[in-house]
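The sequence shown begins at 7 in the working numbering and counts up by one.
See below for the structure under consideration.
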Amino acid sequence: MIPVPVVVEKSIKSAVEDKFKKAGEIMSKKYPLLFKDSKKEEKEKRRQEALIKAKKAAKILKDKYKAEKVVLFGSVLDQDRFYLRSDVDLAVFGLKDEFFYKAYAEVMNILSGFEVDLLDYKECRESFKKEIKERGVEL
């Protein structure tokens, strides 16, 4: 048997790995239901990122802007309703009107990569107030 140089062996291995990777990409596009778990994992990772950033935003709203309370609501709280492009919904209580837009800008910066809905609870429609009370989580 003729020995194969290590460099050649590695390049063959690399070429084979590339072929399998490309085949996997083609198969995942052609048969997306077979590869559903990776999307699910990606969604959950993004949802967790949103939760962490929302907690940071709530801390800033309470500490720096003296909001009484911040409540997270909406699809971020529900794995089944959350999608990769879901926004982050926050209701803020007791934030002075003169600080709202400055606080909103800072929250948007903290939650970069996500659309943000920052709602002043006292200005919300009744349907939002109901959802916030029933399903919201105080941060």
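Using N, Cα and C, we set each Cβ at its ideal position, and we do this for glycine too.
C-beta atoms of residue i and residue j nearer than 7 Å
i, j, result
"Y71", "L117", "no"
"V98", "A63", "no"
"L90", "R52", "yes"
"L67", "A111", "no"
"D123", "D93", "yes"
"V77", "G142", "yes"
"L145", "K59", "no"
Terminal residues of the alpha helix (DSSP H) in which residue i lies
i, result
"F134", "E132 to R141"
Proximal residues to residue i (C-beta, below 6 Å), its chain only, five neighbours per side dropped
i, result
"E55", "none"
"L125", "A97"
"E74", "F99 and G100"
Element boundaries [beta strand (DSSP E), containing residue i]
i, result
"V77", "K75 to F79"
"D123", "V122 to D126"
7 Å Cβ shell around residue i - same chain, five flanking residues per side excluded
i, result
"E137", "F79"
"V13", "With a pLDDT of 48 at V13, under the threshold of 50, the modelled position of that residue is not reliable, and the figure given next carries that caveat. Excluding residues within five positions, none has a Cβ falling inside 7 Å."
"L83", "R141 and V143"
Own chain, CB closer than 8 Å to residue i, minus 5 neighbours either side, in chain order
i, result
"E48", "L90"
"K135", "Y127"
Any beta strand (DSSP E) of 3 or more consecutive residues that is wholly inside the region 87-116: 94-99
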